[in-house]
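Line by line, the protein sequences are chains A and B.
With UniProt numbering applied, the first sequence corresponds to residues 1 to 226, in that order.
With UniProt numbering applied, the second sequence corresponds to residues 1 to 371, in that order.
Scroll down for the structure; my scribbles are underneath it.
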Amino acid sequence: MSSTAEIFNNFQDYLNADYDLREEIRAVVRDLEQSAREIQTTLQAIHQPSKSTGYEEICQSALSMFSKVKENYAVLATKIPSNQYYRYNDHWKFVTQRLIYLCALIVYLRDESLVSRETVASMLGVKTNREDGFHIDLDDYLMGVLNLTSELSRLAMNAVTAGDYSRPLRISHFIGELDAGFRLLNLKNDALRKRFDGLKYDVKRCEEVVYDLTIRGLVGREEKAE
Amino acid sequence: MEASAGAGGNAGRGRYRRKRYGHDAKGSDRENEKHLKTSMVNVDVNSAVIEAFQGFQVELDTRNDTYERIVKLSRDITIESKRLIFLLHRVTGSDDRDSILTDAAARMLELRTSKFLPLAKELKGQDPYQFLRAFSPGLQEYIESVTFYHYLADNQLASLDSIQTGLTFTLQDSNGNQNDLPKNLQVKNSAPRKLPDECIGNSDVPPSLKTLSDENKQDIQNRDVASEECLQGQNCTTDKAVAAETFDCESLQTVSVPVPPTEYMLGVADFTGELMKMAINSVGSGDLRTPRIVAEMMRTIHDAFASIGNIPRELRHKLRVLRQSLQKVETACYTMKVRGSEIPSHMLADVFSTAGTGDMFCMDDNEEFYD
Numbered sequence: 001m002s003s004t005a006e007i008f009n010n011f012q013d014y015l016n017a018d019y020d021l022r023e024e025i026r027a028v029v030r031d032l033e034q035s036a037r038e039i040q041t042t043l044q045a046i047h048q049p050s051k052s053t054g055y056e057e058i059c060q061s062a063l064s065m066f067s068k069v070k071e072n073y074a075v076l077a078t079k080i081p082s083n084q085y086y087r088y089n090d091h092w093k094f095v096t097q098r099l100i101y102l103c104a105l106i107v108y109l110r111d112e113s114l115v116s117r118e119t120v121a122s123m124l125g126v127k128t129n130r131e132d133g134f135h136i137d138l139d140d141y142l143m144g145v146l147n148l149t150s151e152l153s154r155l156a157m158n159a160v161t162a163g164d165y166s167r168p169l170r171i172s173h174f175i176g177e178l179d180a181g182f183r184l185l186n187l188k189n190d191a192l193r194k195r196f197d198g199l200k201y202d203v204k205r206c207e208e209v210v211y212d213l214t215i216r217g218l219v220g221r222e223e224k225a226e
Numbered sequence: 001m002e003a004s005a006g007a008g009g010n011a012g013r014g015r016y017r018r019k020r021y022g023h024d025a026k027g028s029d030r031e032n033e034k035h036l037k038t039s040m041v042n043v044d045v046n047s048a049v050i051e052a053f054q055g056f057q058v059e060l061d062t063r064n065d066t067y068e069r070i071v072k073l074s075r076d077i078t079i080e081s082k083r084l085i086f087l088l089h090r091v092t093g094s095d096d097r098d099s100i101l102t103d104a105a106a107r108m109l110e111l112r113t114s115k116f117l118p119l120a121k122e123l124k125g126q127d128p129y130q131f132l133r134a135f136s137p138g139l140q141e142y143i144e145s146v147t148f149y150h151y152l153a154d155n156q157l158a159s160l161d162s163i164q165t166g167l168t169f170t171l172q173d174s175n176g177n178q179n180d181l182p183k184n185l186q187v188k189n190s191a192p193r194k195l196p197d198e199c200i201g202n203s204d205v206p207p208s209l210k211t212l213s214d215e216n217k218q219d220i221q222n223r224d225v226a227s228e229e230c231l232q233g234q235n236c237t238t239d240k241a242v243a244a245e246t247f248d249c250e251s252l253q254t255v256s257v258p259v260p261p262t263e264y265m266l267g268v269a270d271f272t273g274e275l276m277k278m279a280i281n282s283v284g285s286g287d288l289r290t291p292r293i294v295a296e297m298m299r300t301i302h303d304a305f306a307s308i309g310n311i312p313r314e315l316r317h318k319l320r321v322l323r324q325s326l327q328k329v330e331t332a333c334y335t336m337k338v339r340g341s342e343i344p345s346h347m348l349a350d351v352f353s354t355a356g357t358g359d360m361f362c363m364d365d366n367e368e369f370y371d
């Protein structure tokens, strides 16, 4: 058995190593946050329809910025000891959620579909499953999707302003689908649950836009029939 | 193709609801409709989004179930550890010190097999830090009781390694039985067992009793191994051949409950609270030596904590409490020194019981030494 002094010396070494690693993680996460901000700024152009650039070009330029994100995630992945992802994941949780939201937004703008976890993982250069290494936590993915809905409800209004009357209907349908999806989940009383509680306001806002369009007859005939 | 997949998903959902609420199929259909109506938009139940979320539902539920099972185990561990600590406190002033310790050791082994082994199996293949919050209370309480036991038995601080060894289980099968048994015992008995009378004066253990208790211990460990085997009998058949031939730690499957060093230190900090209790109790029973010895141990731990930096937040709080406990014990020692010569020892207890509420033990609760 080791002496008390030895036990505490070992503990001090452990704490120091832990502290150093956290510092390194923080440095990488700072870079990630910087990239995420840049991508978000680029994507904000979708709300300013006066510019003649289409969604496709905006998405393209945003996508080109993901290479740096991938690099950063690769560096981060090398720093985390195996099976200790959840020990440090508080550090990159928020930035990952934001990047997932950005991925989901790009994919939605291009295909009008919900991004799959596999796609997000490949866009960020990480794994899908925990067993394979640095991965995307399900909670973070769902959080990112919830962030997408609030952005889309905003886009629905701005699309109307820009004279695009069909988009709000599609967005409303999409968010309705997501809402139905989230209702399937048995959420615990945690952060995800709280964020989910905000989803209904996004749904409501989209429905109001659709209502406004419908009573003014601004919606195409075929869509009304449906 | 999509329709069929959707139907499958639907069935899955129905099954789930039945299980959870005991609804019949019709009821669950009605529920479905209500669900979709409330979202006002006509949602296609077979859509890719819904399908994906059905997968997420399963994943989330699995994880939450695991979490809940671990919380339950942790709670059981906490309760049993607390009882163990109460049992160990009875050592103070007891004539039958060794039998209490043997009893405690037996219950600890029982606790390990009945609770920690299932916990280790739950954690197998998982990231332990994902579930740390679920089992951390139990683990800390267990560490507290184990360090307390080792202090009483060996008069020293149990190391993290020794605790970790106790929580590492070797999955065995009946073929490897013959080989495993000696090694297992050897590992567990390797810690030198000193005569425990350094700590408290009144234990004059005859050698026969001591060997008896050691035999008891071995018996219990045999039982422990045996019960592990029957537990493992059903689900560990694949490496039977391997385990029988090459007897190595690597070739055997091991599962363990990992003990993060921070958790260990939190447990040690709690343990000093038990030392304080023991010191005060022993004064009550007229034992004047124990508080001094205990104070020494507490001082060692206190000084060691004071010397390290980068302390996690939850530990910092416990260290404040540790400082208060230490002061309490030191005050007790001081009082005994000053008044011990004036008052007959059988009356000292009264002095303490009255002093306990008086100025002597009035600690400065707001003191923040470690910040």
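C-beta: ideal position from N, C-alpha, C; glycine also.
Enumerate in chain order the residues of its own chain whose CB-to-CB distance from residue i is below 7 Å, with the five nearest sequence positions on each side excluded.
i          : result
Leu-160(B) : Val-259, Pro-261, Tyr-264
Asn-10(A)  : none
Phe-182(A) : Phe-196, Leu-199
Cys-206(A) : Ser-153, Ala-156, Pro-168, Ile-171, Ser-172, Ile-175
Pro-118(B) : Leu-73
Arg-90(B)  : Ile-100
Thr-272(B) : Met-298, Ile-301, Leu-322, Ser-325
Ser-94(B)  : Ile-100
Pro-137(B) : Ser-74, Thr-78
Leu-187(A) : Arg-193, Phe-196
Tyr-165(A) : Leu-213, Leu-218, Val-219
Do the CB positions of residue i and residue j come within less than 8 Å of each other?
i          : j          : result
Gln-97(A)  : Asp-31(A)  : no
Asp-157(A) : Val-209(A) : Note that residue 157(A) is Met in the sequence shown, not Asp. For Met-157(A) and Val-209(A), yes; Cβs fall inside 8 Å.
Thr-149(A) : Leu-178(A) : yes
Asn-310(B) : Tyr-19(A)  : yes
Thr-66(B)  : Glu-122(B) : yes
Met-297(B) : Leu-275(B) : yes
Ile-77(B)  : Lys-115(B) : yes
Phe-134(A) : Tyr-73(A)  : yes
Leu-99(A)  : Val-69(A)  : yes
Glu-68(B)  : Leu-138(A) : no
Leu-120(A) : Ile-106(A) : Reading off the sequence, residue 120(A) comes out as Val, not Leu. No. Outside cutoff.
Lys-318(B) : Ala-279(B) : no
Lys-79(A)  : Ile-25(A)  : yes
Val-95(A)  : Glu-6(A)   : no
Phe-66(A)  : Met-123(A) : yes
Leu-167(B) : Arg-112(B) : yes
Ala-106(B) : Leu-88(B)  : no
Leu-185(A) : Gln-130(B) : no
Ala-134(B) : Ile-70(B)  : yes
Please list, in chain order, all residues of the same chain as residue i whose beta carbon is under 6 Å from its beta carbon, the five residues on each side excluded.
i          : result
Val-75(A)  : Val-28
Asn-147(A) : Tyr-101
Asn-10(B)  : Confidence is the limiting factor: at Asn-10(B) the pLDDT is only 42, short of 50, which leaves the residue's position unreliable, though a coordinate-based value still follows. Result list for Asn-10(B): empty, nothing under 6 Å.
Could you tell me which residues DSSP puts in a beta bridge with residue i?
i          : result
Ser-67(A)  : Its beta-bridge partners do not exist; DSSP assigns none.
Ser-256(B) : Thr-168(B)
Lys-127(A) : His-135(A)
Near residue i, what residues of its chain come up, given a Cβ to Cβ distance below 8 Å and the 5 sequence neighbours on each side ignored?
i          : result
Arg-110(A) : Tyr-55, Glu-56, Cys-59
Asp-13(A)  : none
Leu-139(B) : Ser-74, Ile-77, Val-257, Val-259, Glu-263, Gly-267
Asp-202(A) : Thr-149, Ser-150, Leu-152, Ser-153, Ile-175
His-47(A)  : Arg-154, Leu-155, Asn-158
**OP:** Pair every Cβ in the stretch 142-150 of chain B with every Cβ in the stretch 77-87 of chain B, then say whether three or more of these pairs are closer than 8 Å.
**Re:** The stretch 142-150 of chain B, when compared against the stretch 77-87 of chain B, does touch it at the 8 Å Cβ threshold.
Subject >> Residues of the stretch 177-197 of chain A whose Cβ lies closer than 8 Å to any Cβ of chain B, in chain order >> reply: Result list: Glu-177, Leu-178, Asp-179, Ala-180, Gly-181, Phe-182, Arg-183, Leu-184, Leu-185, Asn-186, Leu-187, Lys-188.
**OP:** Below 9 Å between beta carbons is the criterion; list the residues of the stretch 262-274 of chain B that meet it against any residue of chain A, in chain order.
**Re:** Of all residues in the stretch 262-274 of chain B, only Thr-262, Tyr-264, Met-265, Val-268 place a beta-carbon less than 9 Å from a beta-carbon of chain A.
Subject >> Against chain B: residues of the stretch 6-20 of chain A by CB proximity under 9 Å >> reply: Glu-6, Ile-7, Phe-8, Asn-9, Asn-10, Phe-11, Gln-12, Tyr-14, Leu-15, Asn-16, Asp-18, Tyr-19
Original post:
Are the stretch 323-334 of chain B and the stretch 283-295 of chain B touching, with three or more C-beta to C-beta distances below 8 Å?
Top reply: Of all C-beta pairs linking the stretch 323-334 of chain B to the stretch 283-295 of chain B, three or more are shorter than 8 Å, placing the two stretches in contact.
Subject >> Residues of the stretch 124-142 of chain B whose Cβ lies closer than 9 Å to any Cβ of chain A, in chain order >> reply: Gly-125, Gln-126, Asp-127, Pro-128, Tyr-129, Gln-130, Phe-131, Leu-132
Original post:
Using a beta-carbon distance cut-off of less than 9 Å, what residues from the stretch 106-135 of chain A approach chain B?
Top reply: Ser-113, Leu-114, Ser-116, Arg-117, Arg-130, Glu-131
Subject >> Selection of the stretch 65-90 of chain A by Cβ proximity to chain B, strictly under 8 Å >> reply: Asn-83, Gln-84, Tyr-85, Tyr-86, Arg-87
**OP:** Quick one: which residues of the stretch 309-330 of chain B get their C-beta closer than 9 Å to a C-beta of chain A? List them in chain order.
**Re:** Gly-309, Asn-310, Ile-311, Pro-312
Original post:
Residues in the stretch 146-164 of chain A with C-beta within 9 Å of chain B's C-beta atoms, listed in sequence order?
Top reply: none
Subject >> Members of the stretch 291-303 of chain B near chain A, C-beta cut-off 8 Å >> reply: Listed by position along the chain: Thr-300, Ile-301.
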